[in-house]
Every structure is written in C-alpha cells, then in structure tokens.
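Q: Dropping the structure in here first, questions after.
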Amino acid sequence: MAGKQKVHNVTLLPGDGIGPEVTSAARKVVAAAGVIVDWEIMDAGAGAIEKHGTTLPDETIASIKKNKIGLKGPITTPIGEGFTSVNVGLRKTLDLYANIRPVRSAMGISIHHKPIDLVIFRENTEDLYSGMENDIAPGVAQSLKIITEKASTRIAKAAFEWAIEKGRHTVHAVHKANIMKKSDGLFLDSVRKVAIKYPDITYKEIIVDNCAMQMVMHPEQFDVMVLGNLYGDIISDLAAGLVGGLGVVPGANIAENIAVFESVHGSAPDIAGKGIANPLATILSANMMLRYMGYGKDADRVQAATVLFLSEKKHLTPDMGGNATTDEMVEALIAKIKLLR
Ligand code: NAI
C-alpha cells in the first residue's frame, strides 16, 4: 500500500478531436484505481499550431523525456497537403520503436465466435512511414520503404522477449518478402536470426495477404505477431474489428526507457465534441501504463471491472450499440472498480 502514495509525473497529450474527451475519462479511471498521477498537460497536434507555431513543440518532447511516461490522445493528420504526422514525428524523435497492441475477445463484446488473444508488435520508426516521398515526374509519385536490420532485429527481440516473459508459445512474422525481396526480405532475415535464439517459442512466417484472410477465418491461431510499420497498422485495425472495434483496443509505444500509451483509434472527427466517444481504448491504454509503472494488481482490478461492466451490456456508447454518453460510461465503469476494491 505504501507505494500507492507515491506521486507519479506523467505527460498527458490530450490530442485532437475526441482526444480530450477520452483522455479525461482515462484520468478519472487512473484516479479510481488509486494511483496518484500528477499529469503534465502538453500540447501536440492541430491545437498546438496557434500557440507554438508547430504541431510538435519542443516543450512537449522535453516533458516526455523528463517524465519518461506519457499518455496520448489521438492526433489528426490531414490527408494530402498539410503538416507531417505528429504521431510519426513523436515515435521517431523519442525512438519509440515498438508499438504493442494487445487484442482480446475476453471483454465479451467480440463479434468473432472464436477466442482471440493476440498481441501485435508493430515496428514503429521506419518502413513506408519514413516520410520520404517525391514527385519524380508529372503524374508520378514515389514513396521510399526503408527497412533496416537494426530496427527489424530490435522489434523481433521485443516480441520474443515479451513472449517468453508472458508465457506465450508462438511468434508469427508477417511479411511480403515474396514480392519485396530486398526490404521485406531483410525484415524476415532479421526476425529469423532472432527466432533461432528462442528455441522454446514456435516461430512461423505468414505472407500478409494470407494473414489478413486467416485473421478473419481462424484468428485463434495467432499468439504474438511481429510486423513492419504498415502491415502492423492495417492488421491491428483488422484485429480490432474482430473483437468489438477501435473503441476497445489499447496500445503502447515503447522505447528503451520511455513509454507513451495510446489507443489504436484516431481522432474521430465525425463524433468529436458530441460526448459520445467510447473511452475504453484509452482507459485500457492507461491500464497498460499502470502495469508498466508496476501497479499490476490495480490494473487487474480495472481489467476485471471492465469485463464485469461490459458483461452487463448497459451504459454503452453508440459505437457499441448503446446510447450512453462518454461520461455515463466512465461513471458506470468506475462504480465497478469501486465494487471490486
Ligand atoms: P478514426 O479511428 O478516427 O475513426 C474511424 C471510425 O471509427 C470513425 O467512424 C470514428 O467515429 C470511429 N471511432 C474511432 N474511435 C472511436 C471511439 N473511441 N469511439 C467511438 N467511435 C470511434 O480513423 P480515421 O477517421 O481514419 O482518422 C481520423 C484522424 O485520426 C486522421 O487525421 C488520422 O490521421 C488520425 N489518426 C490518429 C491516430 C493517432 O493519433 N494515434 C491513429 C489513427 C488515426
């Protein structure tokens, strides 16, 4: 109990769109879990431009580097012309190389009849997200897909280490090395070299298009998955769709000694400001943060309360088929957390 009295400094990026709504909900749940956090609220995204003249101010980066832990709301990246992605900038600047996304049907709202309990390890710093694009001739554009041995090796190591630590059995490497022989070939070679060092873990490889189909038909076969940046992004949204949607899948971006937690979903401009955003994905991201900070028992309680809350199928937001507001959902969840205390 003594540890509970410690005050933790955490950087909070409320973000754009529904970001402020869902991060505010997560803060309430962290408080209800009994963990004392002093939130350092920093700007990033479209809202930061007027005040700082940039979408990713130096002060924001400095705050995360100082506190070493951040909770982040989604940030809008306009399509086509406009500023470059804050998300990509943040991940590259802080070298948040591992994007970890656990996807489970345990919440009882899965639309798939088969049990799903998989964890996606998405490389977060390179691939087609390197932002190296050119117009090379009128009507011809080019995007560079950068894959390095260093980045592929460390995301593979992160996946295998996690598999060992959590008692998982299988790691799938997802690729398209049959076509992109150089880039995905290097990714695959690098993962293979890591896999050899973990003989207790079954190592499998799957081509990304087949992976998409297998995920829909037989998702139960996947345990830990390691993917490049683009495939990881797409496959994790697909996986989210199988277990109840983007509103319920959390995520963590991990560097050597810094971690920024955020949901898989975006800023949902279509529902921003309406008070109906599903806060669960951000709440569960904050719960991953509590585990990372060493509050495993408190995180277990929030998890159990979430399952209990969902099992009653009451106070759900519209994306889950209900008509509750974000605030009503959070209040109902907090009541369950208190019940389990
Ligand atoms: P999105 O995830 O924001 O929305 C897709 C659909 O899911 C929308 O219909 C939205 O209303 C719904 N949705 C998403 N989260 C929800 C929630 N918590 N509760 C209820 N419904 C929810 O994806 P979209 O529209 O492709 O992207 C919007 C913006 O977000 C873009 O600018 C994109 O770049 C950005 N984005 C940011 C991310 C981040 O900051 N990590 C991740 C993904 C997208």
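Here the sequence shown is numbered in our numbering, starting from 294 and rising by one per residue.
Glycine is no exception: its CB is placed at the ideal position from the N, C-alpha and C atoms.
Note that the structure is a prediction, hence the values are computed from the model and not measured.
In chain order, what are the residue ranges of uninterrupted beta strand (DSSP E) at least 3 long that sit wholly in the region 365-421?
A: 391-397, 410-416
Q: Only counting the same chain, and skipping five residues up and downstream in sequence, which positions put a Cβ closer than 8 Å to that of Lys385?
A: Thr418
Q: Can you tell me the Cα-Cα spacing of Ala533 and Thr348, whole angstroms?
A: 28 Å
Q: Considering only the beta carbon of each residue, do Ile393 and Gly308 sit closer than 7 Å?
A: No, these two residues do not count as a Cβ contact at 7 Å.
Q: At a threshold of 6 Å, does Asn380 count as lining the ligand NAI (C-beta to nearest heavy atom)?
A: Yes, the beta carbon of Asn380 sits closer than 6 Å to at least one heavy atom of the ligand NAI.
Q: Does any heavy atom of the ligand NAI sit closer than 6 Å to the C-beta of Thr619?
A: no
Q: Taking the beta carbon of Ala545 as the centre, do at least 16 other beta carbons fall within 10 Å, making it buried, or is it exposed?
A: A buried status is given to Ala545, since no fewer than 16 other beta-carbon atoms sit within 10 Å of its beta-carbon.
Q: Would the beta-carbon of Thr637 be found less than 6 Å away from any heavy atom of the ligand NAI?
A: Because the chain is modelled from 294 through 634, residue 637 falls outside the range shown and cannot be assessed.
Q: Shorter than 6 Å, the distance from the beta carbon of Pro367 to the closest heavy atom of the ligand NAI, or not?
A: Shortest gap from the CB of Pro367 to any heavy atom of the ligand NAI: under 6 Å.
Q: If you follow the beta strand (DSSP E) that Gln435 is in, where does it begin and where does it stop?
A: Following the DSSP letters along the chain, one finds Gln435 inside the beta strand (DSSP E) bounded by residues 433-436.
Q: Looking only at DSSP bridge pairs, what is Ile362 linked to?
A: Ala552
Q: In angstroms, rounded to a whole number, what distance separates the CA positions of Ala399 and Asp428?
A: 46 Å
Q: What do you get for Pro371, buried or exposed, if any count of 16 or more other CB atoms within 10 angstroms of its CB means buried?
A: exposed
Q: Using only CA atoms, which one of Ala430, Gly521, Leu383, Ala434 lies nearest to Gly373?
A: Ala434
Q: Give a yes or no on contact between the region 458-478 and the region 493-502, applying the rule of three or more CB pairs nearer than 8 Å.
A: yes
Q: Please classify Asp563: does DSSP put it in a helix, a strand, or coil?
A: coil
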